[in-house]
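Structure first, commentary second.
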Amino acid sequence: MHNVYQNPLITRYASKTMQAIFSDKSKFVLWRRLWVALAKAQKELGLEITSEQIKQLEKHTENIDFERASQIEKETRHDVMAHIKAYGEVAKEAKPIIHLGATSCYVGDNTDIILQRDALLHIKRLLVSTIDVLAKFAKQYKDLPTLAFTHYQPAQPTTVGKRASLWLNDLLLDLERLEETLAKLKFFGCKGATGTAASMLELFNGKHAKVIELEKKIAKQFGFDKIHQISGQTYSRKIDYFVLSVLSGIAQSAYKFSNDIRLLSNLKEIEEPFEKAQVGSSAMPYKRNPMRSERIAALARYVSVGTLNTSLTASAQWLERTLDDSANRRIVIPQSFLAVDAILSLYINVAGGLVVNKGVIEKNLRVEIPFLATENILMYCVTKGGDRQDLHNRIKEHSMRAGERIRNGETNDLLDRILADKAFKLTKAELDKILSANFTGRAAQQVEEFLPYVQQVLKTNKSFIGAEVEIKV
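Numbering-wise, the sequence shown is residues 11 to 483 according to this note's numbering.
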């Protein structure tokens, strides 16, 4: 197969589990299961369908002749009709009642909902496992001071654990959205050509109650207790947008994490795992490029763009049905799930093997401490009667002069300048006391207060912890 294009999401990135969820086997077995469920419910509600017909349908649910179905589709130009005919060829006695009263979207749309539910559950397993890994990291480094940044300029210090809590918080928000979306997923049902269920109503001699009960019976077989009440031929394509918005949210959080790791890697403070035989650059052997974090960013960008596709599709549907959604939905929905599967697998791998270089972190913090202490110095001196605006201007001038020295490769003399400035009326003992203060504020305490909530979420979702991931490249 090296002479034809292969999707990198399959060959390089996504797990076998997610690939299986969106495989042809999974999809078309679901079609057949839906036809079995339809026939069973119709029989229970009084239509003339025999037990033998049901048995034949059930017997041939799994053994699909894909080549035969493909051959028929080339003739009919219709995938659902092709699979109905292929099914009928092996379940001969049941052939007359396969797909009775249904339209293509009965199997197509219900299958899409079921697959998205299954895929979301798999994503939830990866997401909860990522949260678990990060929570351990945040706890371990809750009180390790580190230089914080705003605008990527040195700012008040924080702790490594507090920074990890920012990543955690984003993922917890994503988990909330995912669970809300899962809880609201509804079975599509048997709505017919224009959403009126006219064919089913005709089959049941105008008995509306039986049509309603038919949908309930089928939905129950697939684990749904809610059914779309209103639709055209398809369920609203806004549902796809809502689902992919969840994936986009996860991608955004992972993107933020990966960018932070890339920035910290440049500072040599925190680095992603680097294996013994790994090569960072073909030209520069010394490099330890954050390749996995870069891959997270690349795939996350792809997922975010996919959400726009579903937005445009939802807005472009004509009246009760148009088919310009079909081709792109076949691509964007599975591939968005495959990409997020890969993203979270990488996230777990990177977060679980982060290298924290404490010496570098301390060194970088020490270089900036004189600047970072100036706010505390300002507040202290004002309480002693100093003029806030005058002292602020003096600190600005001293900082600019000290900054010039640093850029020229000289030492930082900011604190010496401030001590020598009589306007501050500051003694060496007073300055030492200010410098001994905890510049990280409540960072460590915030982590301690936050983690019990995280642990409660993990306890609630303990069956989802422990996803095993394998990174191919």
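Quick reminder that beta carbons are idealized off the backbone N, C-alpha and C, glycines included.
Under three-state DSSP, which class holds residue i?
| i | result |
| --- | --- |
| Glu225 | helix |
| Ile405 | helix |
| Leu157 | strand |
| Pro300 | coil |
| Gln243 | coil |
| Gln166 | strand |
| Phe449 | coil |
| Ile249 | helix |
| Phe460 | helix |
| Val483 | coil |
| Ile379 | helix |
| Glu281 | strand |
| Ile74 | coil |
| Val365 | strand |
| Phe347 | helix |
| Ile475 | coil |
| Phe232 | coil |
| Phe198 | coil |
| Ile59 | coil |
Going straight from the alpha carbon of residue i to that of residue j, what length do you get?
| i | j | result |
| --- | --- | --- |
| Tyr296 | Phe267 | For Tyr296, the predicted model reports a pLDDT of 47, less than 50, meaning its position is unreliable and no value from the coordinates is stated. |
| Val170 | Ala454 | 9 Å |
| Ala430 | His408 | 11 Å |
| Glu85 | Thr323 | 28 Å |
| Ile20 | Asn359 | 19 Å |
| Leu213 | Ala96 | 24 Å |
| Asn471 | Lys194 | 18 Å |
| Leu445 | Pro380 | 8 Å |
| Glu223 | Lys248 | 26 Å |
| Ser473 | Thr320 | 31 Å |
| Gly233 | Ala219 | 21 Å |
| Met28 | Glu72 | 19 Å |
| Tyr162 | Ser36 | 47 Å |
| Gln166 | Gly451 | 9 Å |
| Phe252 | Ser258 | 10 Å |
| Thr191 | Val256 | 8 Å |
| Glu189 | Glu225 | 24 Å |
| Cys115 | Ser314 | 27 Å |
| Val46 | Gly363 | 48 Å |
| Glu83 | Lys217 | 35 Å |
| Arg137 | Leu273 | With the sequence shown as reference, residue 137 is identified as Leu, and Arg is not the correct amino acid for it. Each residue's Cα considered, the two are about 23 Å apart. |
| Gly56 | Pro462 | 55 Å |
| Phe198 | Ile123 | 7 Å |
| Val479 | Ala264 | 16 Å |
| Glu414 | Ile387 | 21 Å |
Among the options, which one has its Cα closest to the Cα of residue i?
| i | options | result |
| --- | --- | --- |
| Val350 | Glu304, Leu274 and Ile260 | Ile260 |
| Ile340 | Asp250, Asp397, Ile379 and Tyr265 | According to the sequence provided, residue 340 is Arg. The question's Ile does not apply to it. Nearest of Asp250, Asp397, Ile379 and Tyr265 to Arg340, Cα basis: Asp250. |
| Ala145 | Phe460, Trp328, Gly395 and Ile481 | Phe460 |
| Leu183 | Val464, Glu480 and Ile475 | Val464 |
| Ile475 | Leu131, Cys391, Asp334 and Ala30 | Leu131 |
| His238 | Val315, Asp119, Lys220 and Trp328 | Asp119 |
| Phe159 | Gln466, Lys172, Thr317 and Glu62 | Lys172 |
| Arg305 | Glu54, Lys26 and Val483 | Val483 |
| Val39 | Leu178, Val90 and Ile107 | Val90 |
| Glu77 | Ala477, Arg87, Ile64 and His93 | His93 |
| Asp153 | Ala477, Glu458 and Val100 | Glu458 |
| Thr317 | Trp328, Asp426 and Gln345 | Gln345 |
Using C-beta distances below 6 Å, list every residue in its chain close to residue i, excluding the 5 sequence neighbours before and after it, in chain order.
| i | result |
| --- | --- |
| Leu309 | Ala349, Ala352 and Ile353 |
| Tyr23 | Ala352 |
| Val370 | Lys278 and Glu279 |
| Ser275 | Glu281 and Pro300 |
| Asn418 | none |
| Asn374 | Leu157 |
| Cys391 | Leu401 and Phe434 |
| Ala129 | Ile31 and Phe347 |
| Gln81 | none |
Does the CB of residue i have a neighbour CB from chain B at under 8 Å?
| i | result |
| --- | --- |
| Ile405 | Chain labels in this structure do not include chain B; a single protein chain is all it has. |
To which residues of the same chain is residue i closer than 8 Å at the C-beta, ignoring the five residues directly before and after it?
| i | result |
| --- | --- |
| Thr384 | Ile405, Ser409, Leu424 and Ile428 |
| Asp501 | Residue 501 is absent from the model: the chain starts at 11 and stops at 483. |
| Ser209 | Gly111, Ala112, Thr113, Gly202 and Ala203 |
| Val365 | Ile280, Glu281, Glu282, Pro283 and Phe284 |
| Glu440 | Tyr390 |
Ignore the nearest five residues each way along the sequence and tell me which others in residue i's own chain have a CB closer than 7 Å to its CB.
| i | result |
| --- | --- |
| Ile205 | It should be noted that the sequence gives Gly, not Ile, for residue 205. Counting only Cβ-Cβ distances below 7 Å, and skipping sequence neighbours, we find Ser241, Gly242, Gln243 and Glu330. |
| Ala361 | Thr140, Val143, Leu144 and Phe147 |
| Leu356 | Arg302, Arg305, Ile306 and Ile481 |
| Ile107 | Ala49, Ile59 and Gln63 |
Would the beta-carbon of residue i be found less than 7 Å away from any heavy atom of the ligand NAP?
| i | result |
| --- | --- |
| Pro283 | Ligands in the displayed structure: none, and consequently the ligand NAP is not present. |
Practice item. Counting only runs of 4+ residues fully inside the region 83 to 144, write out the alpha helix (DSSP H) ranges in chain order. Key: 89 to 100
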